[in-house]
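Asks:
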Amino acid sequence: MAKLAVVTGARSYIGSAAARSLAARGWEQRTLTNRRGAVGRGALEIPAWPLQFRDRGALGEALSGAQALVSTYWVRYPHFGVDFDLAVENSRILFEAAREAKVDRIVQVSVSNPREDSPLAYYAGKARVERILRELGGSFGIVRPTLVVGEEDILLNNIAWALRRFPLFGMPGSGSYRVQPITLEETGEIIADVVESAEDLTVDAAGPEVLSFEDLVRQVAAAIGRPARIVHLPPWLALAVAKVIGRLKGDVMLTRQEYEGLAAEALVSHEPARGKTAFSAWIREHGRSLGQSYQSEWERHFRDLDLASQRASGPSRK
Ligand SMILES: NC(=O)c1ccc[n+]([C@@H]2O[C@H](COP(=O)([O-])OP(=O)(O)OC[C@H]3O[C@@H](n4cnc5c(N)ncnc54)[C@H](OP(=O)(O)O)[C@@H]3O)[C@@H](O)[C@H]2O)c1
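Listed below in structure tokens is the structure:
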């Protein structure tokens with residue numbers, strides 16, 4: 107009998123890679139998503155249900171008959187009252203619905219170095235979601251990616267866009283803080299490995315190369331054939347510049363929390379690398395087309411979102 111997995115966000119970024127890896131291993135799939143179209147070109151056509159948290163019955167229906175749930179659900183920054191606390195509660199609702207629907211295994215896509223006592227709500231929220239999953243009982247896996255690089259990645263693309271567009275690149279702080287990128291496709295493979303494992307696992311998804319953020323920016327510049335005229339700015343000033351650019355684009359380009367996570371080297375793993383592709387090799391091969399246009403988080407995830415469907419209570423939708 108075919109195995110069935112429900113993957114959130116299979117039309118978006120990491121969910122699309124998880125879906126490709128699972129499909130290659132013979133899994134049938136459904137996705138929970140609010141997108142009509144796909145973010146990139148590589149998303150598979152799979153049956154879709156709305157990613158909503160109000161109607162448990164509908165959520166249960168979408169999950170019924172599945173052996174595995176892969177949750178990539180999260181929010182990049184708080185907006186319109188959709189914040190990290192709500193994302194934690196929505197993750198709980200999703201996990202409980204999966205257990206009620208007798209889904210055997212739940213795999214949560216988290217982030218490297220989550221800590222409940224982190225001053226950064228993104229990382230603290232992720233740690234809370236992990237604890238909820240562990241305490242729920244039943245088979246689980248947790249995959250903690252570092253920085254996932256792919257042609258549809260917002261951060262990498264917008265670094266390239268800024269390098270193409272402006273004569274100078276404003277680096278927040280020293281830029282010597284390190285990152286350990288992993289490719290999108292290897293992240294999808296690690297998620298699929300964890301789905302198929304019988305053990306309760308928590309693993310990092312990180313590539314083999316650790317490099318400074320400044321080096322990463324310089325390699326992006328080289329890949330797109332632009333000079334990297336980097337000016338080091340006090341973080342508050344770089345964030346203020348990013349805020350102005352973000353406003354002009356109707357988006358948030360870089361949040362203070364994202365910068366602080368970078369500066370604290372939260373995107374560096376402390377485990378042996380599972381990914382095999384070095385960032386420098388990947389960017390040389392795939393980086394040329396990055397940054398042709400600005401990639402907006404707001405357009406991807408907020409513009410068409412039915413906000414009521416993201417809250418577990420309130421008047422029900424027709
Ligand atoms: N990208 C990275 O470099 C990276 C690194 C470390 C950890 N992670 C984690 O990996 C997971 C997947 O990340 P991703 O980059 O693939 O994210 P993504 O493309 O933004 O999608 C994640 C999922 O969350 C949903 N979502 C995103 N923003 C939302 C919002 N404002 N309201 C409601 N739903 C929203 C998406 O819905 P739709 O299906 O409707 O698009 C999708 O199902 C996240 O948990 C993220 O924290 C990512």
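Numbering (our numbering), first residue to last: 107 to 424. Glycine included, every Cβ here is placed at the ideal spot set by N, Cα and C.
Is the CB-CB distance between Phe319 and Gly294 below 7 Å?
Replies: No; because the gap between Cβ atoms is not below 7 Å, this pair is not in contact.
Asks: Rounding to the nearest angstrom, what Cα-Cα distance links Val350 and Met359 in this structure?
Replies: Their backbone Cα atoms lie some 9 Å apart in a straight line.
Asks: Quick check: what's the CA-CA separation for Leu239 versus Arg198?
Replies: Going from the Cα of Leu239 to the Cα of Arg198 covers about 8 Å.
Asks: For Phe275, count the other beta carbons within 10 Å of its own beta carbon; 16 or more makes it buried, fewer makes it exposed. Which is it?
Replies: Classification of Phe275: buried, given that the 10 Å Cβ count is 16 or more.
Asks: Mind checking which residues open and close the beta strand (DSSP E) that includes Trp133?
Replies: Element bounds for Trp133: 133-138.
Asks: Applying the 10 Å Cβ sphere with the 16-neighbour rule, what's the burial state of Pro273?
Replies: Per the 10 Å Cβ criterion, exposed.
Asks: What residue does the beta strand (DSSP E) around Ile336 start on, and which one ends it?
Replies: Segment 336-339, the beta strand (DSSP E) holding Ile336.
Asks: Per the contact definition of three or more C-beta pairs closer than 8 Å, is the segment 135-150 in contact with the segment 300-318?
Replies: Taking 8 Å as the limit for Cβ pairs, the verdict is that the segment 135-150 does not touch the segment 300-318.
Asks: Tell me whether Tyr229 counts as near ligand 1, meaning its Cβ is closer than 6 Å to at least one heavy atom of that ligand.
Replies: Every heavy atom of ligand 1 is 6 Å or more from the Cβ of Tyr229, so no.
Asks: Hey, Thr178 and Thr289: beta-carbon distance below 7 Å or not?
Replies: Result no, Cβ atoms of Thr178 and Thr289 do not sit closer than 7 Å.
Asks: Could you give the first and the last residue of the continuous alpha helix (DSSP H) run that contains Lys232?
Replies: First-last of the alpha helix (DSSP H) with Lys232: 227-242.
Asks: Could you give the residue range of the alpha helix (DSSP H) that holds Gly397?
Replies: Here Gly397 belongs to no alpha helix (DSSP H), and DSSP marks it neither H nor E.
Asks: Report the partner residues of Phe246 according to the DSSP bridge assignment.
Replies: Looking at the DSSP assignment, Phe246 forms a beta bridge with Ile212.
Asks: Which ranges does the beta strand (DSSP E) cover as unbroken runs of at least 3 residues, wholly within the segment 149-203, from first to last along the chain?
Replies: Taking only runs of at least 3 residues, the beta strand (DSSP E) segments lying wholly in the segment 149-203 are 174-177.
Asks: Is Trp133 close to ligand 1? I mean its beta-carbon at under 6 Å from any heavy atom of the ligand.
Replies: No, Cβ of Trp133 sits at least 6 Å from all heavy atoms of ligand 1.
Asks: Decide yes or no for the touch test of the segment 371-386 against the segment 218-227: beta carbon pairs closer than 8 Å, at least 3 of them.
Replies: Touching, yes, given that three or more Cβ pairs across the two stretches are closer than 8 Å.
Asks: Can you tell me the Cα-Cα spacing of Ala129 and Gln173, whole angstroms?
Replies: Looking at the two C-alpha atoms, the distance is approximately 14 Å.
Asks: Among all the DSSP beta bridges, which residues are the ones paired with Arg426?
Replies: Residue 426 cannot be examined here, being either before or after the span of the chain that is shown, 107 to 424.
Asks: Specify, as a first and last residue, the run of the beta strand (DSSP E) that Thr114 falls within.
Replies: Looking at the DSSP string, the run of the beta strand (DSSP E) that includes Thr114 is 109-114.
Asks: Would Trp342 be called buried (16 or more neighbouring beta carbons within 10 Å of its own) or exposed?
Replies: Trp342 comes out exposed.
Asks: Nearest to Arg250 by alpha carbon, out of Ala346, Arg162, Glu377?
Replies: Considering only alpha carbons, the answer is Glu377.
Asks: Assuming Val215 and Ile297 make a contact with CB atoms under 8 Å, what is their CB distance in whole Å?
Replies: Sure, about 7 Å apart at Cβ, within 8 Å.
Asks: Whole angstroms is fine: what's the gap from Val194's alpha carbon to Trp155's?
Replies: If you take the alpha carbons of Val194 and Trp155, they lie about 20 Å apart.
Asks: Our contact map puts Ile265 next to Val323 with C-beta atoms below 8 Å; I'd like the distance itself, whole angstroms only.
Replies: Going by Cβ atoms, the distance from Ile265 to Val323 rounds to 6 Å, so yes, they are a contact pair.
Asks: Check whether the Cβ atoms of Val300 and Val188 sit closer than 7 Å, and answer yes or no.
Replies: No; because the gap between Cβ atoms is not below 7 Å, this pair is not in contact.
Asks: Where does the unbroken alpha helix (DSSP H) through Ala268 begin, and where does it stop?
Replies: Unbroken alpha helix (DSSP H) run through Ala268: 260-271.
Asks: Flag this pair as yes or no: are the beta carbons of Val255 and Leu262 separated by less than 7 Å?
Replies: In this structure, Leu262 lies closer than 7 Å to Val255 by Cβ.
Asks: Grab me the residues of Pro153's own chain with a C-beta within less than 6 Å of its C-beta, minus the 5 sequence neighbours each way, in chain order.
Replies: Counting only Cβ-Cβ distances below 6 Å, and skipping sequence neighbours, we find Arg136.
Asks: Please determine whether the Cβ atom of Leu192 lies at a distance below 6 Å from any heavy atom of ligand 1.
Replies: Result no, Cβ not under 6 Å from ligand 1.
Asks: What does DSSP give as the partner residues of Phe275 in its beta bridges?
Replies: Note: Phe275 sits in a beta bridge opposite Ile336.
Asks: In the structure shown, what three-state DSSP assignment does Thr289 receive?
Replies: Residue state, collapsed to three classes: strand.
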